[in-house]
Each structure stands twice: as C-alpha cells, then as structure tokens.
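Asks:
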Amino acid sequence: KAGVTQTPRYLIKTRGQQVTLSCSPISGHRSVSWYQQTPGQGLQFLFEYFSETQRNKGNFPGRFSGRQFSNSRSEMNVSTLELGDSALYLCASSDTSGGAFNEQYFGPGTRLTVT
Amino acid sequence: DQQVKQNSPSLSVQEGRISILNCDYTNSMFDYFLWYKKYPAEGPTFLISISSIKDKNEDGRFTVFLNKSAKHLSLHIVPSQPGDSAVYFCAAPDNTDKLIFGTGTRLQVFP
C-alpha cells in the first residue's frame with residue numbers, strides 16, 4: 008500500500024498571501040488529521056476530517072481552514088500568511104475517527120516558509 | 124500551557140548503552156500515552172504506547188515506564204543503536220480526542 012503523500016513538499020510564500028496544502032491518505036483511510044510542527048511548540052493539532060466532515064478542531068485562528076473530498080483527500084488552506092506560520096505541516100491518516108492513534112500514519116510533511 | 128513536556132531538547136548516548144527519554148504531563152485525566160520517532164524529512168512513526176492501567180510496556184529494545192503519581196513517563200532504549208538517532212515525541216490524547224504532543228527530544232547515538 009502506498010503511504011500518506013503530501014504536496015508540495017516545500018513552499019515559499021510572502022506575508023499576506025494564501026496557501027493550499029494537499030494530503031492524500033492511505034487507500035481506504037477515511038480520517039485525515041493535520042498538525043503544525045514548529046521548533047518551540049512541537050506538533051500542534053489543527054483539525055481532523057472524517058468522511059468529508061470536520062470532526063475535531065484545535066486552537067488555531069480562522070485563517071486556518073480545511074476540507075476533505077469524497078475520495079478522502081484533504082486540503083488545508085492558510086489565508087493572510089504571517090511569518091509565524093512558517094512550519095512543517097503534517098497530515099496523518101487512519102481508517103477510524105479518533106482514538107486509534109497507534110494506527111495513525113503520518114505523511115512526510117510540507118515545509119512552508121513565509122518571508 | 125504545555126500539557127505534555129519534554130524538558131531535554133537533546134540527548135547523546137554511546138552505541139550499546141541505554142537511552143532514557145523523559146516526558147512529564149500536567150493533565151491527570153490523561154490515561155493513554157504514545158511515543159513517536161521522527162527521522163528528518165519523514166513524518167513521525169508510532170513506536171510504543173502505554174495505558175494508565177499499566178506501569179510498564181515493553182516491545183523489543185523499547186520499554187515505556189509510567190509513574191502516574193509523578194505524572195511522568197520515560198522511554199528506555201536498550202541497547203541503543205545508531206539507527207535510533209531521531210527526534211522522539213511523547214503524546215497523549217485529551218478528552219476531546221486531540222493528540223497533545225511534547226516538544227520532542229533529539230537523540231543522537233554515536234559509535
């Protein structure tokens with residue numbers, strides 16, 4: 008089975024722009040979660056989508072949004088980028104929603120740099 | 124407020140010796156804990172977990188110990204190998220099923 012894929016792997020944007028990141032889960036997985044990793048904060052949960060519905064949401068401003076398509080692929084969007092949004096964005100997929108974290112598989116991440 | 128803390132950003136251990144990575148938590152409601160390993164340019168991978176009904180869980184060279192009264196857990200790697208060099212995160216799900224991660228400890232195993 009192919010693993011979780013994320014595109015693009017690297018991205019450079021300017022303050023004020025918006026960005027869309029994509030995540031393709033493992034085939035058959037219906038849950039996709041997004042995390043932001045920064046050096047001082049570790050991984051922080053952004054949101055989880057399951058069967059096209061947002062099931063859970065972390066404490067991030069409304070500039071961060073996401074969606075999931077019928078094929079379980081997910082996108083996250085960040086509008087009006089700020090320098091502090093520079094981070095590694097990771098997505099993780101699983102075949103259930105919540106709870107089975109030991110069966111959650113991460114992608115390699117998208118490294119976003121905001122200048 | 125960091126509910127899961129890894130106070131040592133880095134650890135250096137000689138090959139063959141024991142590596143001990145520590146993690147503290149503040150939320151006494153946490154009842155399940157996980158350790159992840161992350162190599163550069165890869166996503167984290169699940170390593171080992173422990174439920175709060177246990178105080179120890181072992182999987183090969185990896186053992187996790189949980190001290191509920193101290194709100195502390197530790198990951199022991201014996202013997203350490205160069206391939207264990209990575210960043211290790213501890214994590215716990217909160218009561219809304221959000222996974223709360225620590226800030227990570229970078230382990231370097233040298234020959």
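The listed protein sequences derive, respectively, from chains X and P. Our numbering puts the first residue of the first sequence at 8, with every later residue one more than the last. Our numbering puts the first residue of the second sequence at 124, with every later residue one more than the last. Even for Gly, the Cβ is constructed at its ideal location relative to N, Cα and C.
1) In chain order, what are the residue ranges of uninterrupted beta strand (DSSP E) at least 3 long that sit wholly in the stretch 181-208 of chain P?
2) Would you say the stretch 153-160 of chain P touches the stretch 130-142 of chain P, given that touching needs at least three Cβ pairs under 8 Å?
3) Do you know offhand how far X/Gln44's Cα is from P/Arg229's?
4) What residue range is occupied by the uninterrupted beta strand (DSSP E) comprising P/Tyr148?
5) Under the three-state reduction of DSSP, which class applies to X/Gly91: helix, strand or coil?
6) Residues of chain X with CB under 9 Å from P/Pro205, in chain order?
7) Against X/Gly116, what residues of chain P qualify as contacts under a CB-to-CB distance less than 7 Å, listed in chain order?
8) Closest to X/Pro15 by C-alpha separation, out of X/Cys30, X/Gly23, X/Ser104 and X/Gln25, would be which residue?
9) Rank X/Asn84, X/Asn66 and X/Gly47 by C-alpha distance to the C-alpha of X/Gln25 and give the top, closest one.
10) Keeping to the same chain, check which residues put their C-beta closer than 7 Å to that of X/Gly35; ignore five residues upstream and five downstream.
11) Report yes if the C-beta distance between X/Ser100 and X/Gln111 is below 9 Å; otherwise report no.
12) Give the DSSP bridge partners of X/Gln44, in chain order.
13) Since X/Arg4 contacts X/Leu97 with CB under 8 Å, what's their CB separation in whole angstroms?
14) Select from P/Phe169, P/Asn150, P/Gln125 and P/Phe185 the residue whose C-alpha is nearest the C-alpha of P/Leu144.
15) Identify, in the order they occur along the chain, each residue of the same chain with its Cβ nearer than 6 Å to the Cβ of X/Asn63, setting aside the five sequence neighbours on each side.
Replies: Once the coordinates are examined:
1) Runs of the beta strand (DSSP E) inside the stretch 181-208 of chain P: 185-190 and 195-200.
2) Contact between the stretch 153-160 of chain P and the stretch 130-142 of chain P is absent: fewer than three C-beta pairs spanning the two stretches fall below 8 Å.
3) Counting from one through the first sequence, the residue named residue 44 of chain X turns up at place 37. Counting from one through the second sequence, the residue named residue 229 of chain P turns up at place 106. So the alpha carbons of these two residues sit roughly 14 Å apart.
4) As a working note, residue 148 of chain P is residue 25 in the second sequence. That run of the beta strand (DSSP E) goes Ser142 to Tyr148.
5) Locating residue 91 of chain X in the first sequence gives position 84, where the first residue counts as 1. In this structure, X/Gly91 counts as helix in the three-state DSSP scheme.
6) If you number the second sequence from 1, residue 205 of chain P lands on position 82. Among the residues of chain X, none has a CB under 9 Å from the CB of P/Pro205; the nearest is roughly 22 Å distant.
7) Position 109 of the first sequence, counted from the start, is the residue given in the question as residue 116 of chain X. Within chain P, the residues Gly166 have their CB atoms less than 7 Å from the CB of X/Gly116, given in chain order.
8) Here the question's residue 15 of chain X lines up with position 8 in the first sequence. Of the candidates X/Cys30, X/Gly23, X/Ser104 and X/Gln25, the one whose C-alpha sits nearest the C-alpha of X/Pro15 is X/Cys30.
9) Working through the first sequence from its first residue, we reach residue 25 of chain X at position 18. That would be X/Asn84, whose Cα lies nearest to the Cα of X/Gln25.
10) By 1-based counting over the first sequence, the position of residue 35 of chain X is 28. Correct list, in chain order: Asp102.
11) Here residue 100 of chain X corresponds to residue number 93 of the first sequence, with the count starting at 1. Here residue 111 of chain X corresponds to residue number 104 of the first sequence, with the count starting at 1. Going by C-beta atoms, X/Ser100 is nearer than 9 Å to X/Gln111.
12) The sequence position of residue 44 of chain X within the first sequence is 37, counting from 1. Looking at the DSSP assignment, X/Gln44 forms a beta bridge with X/Leu50 and X/Leu95.
13) Within the shown structure, residues of chain X are numbered from 8 to 122, placing residue 4 of chain X beyond reach of any answer.
14) Here residue 144 of chain P is taken as the residue at index 21 of the second sequence, counted from 1. Out of P/Phe169, P/Asn150, P/Gln125 and P/Phe185, P/Phe185 has the C-alpha closest to the C-alpha of P/Leu144.
15) Taking the first residue of the first sequence as position 1, residue 63 of chain X is located at position 56. Here the set comprises Glu55.
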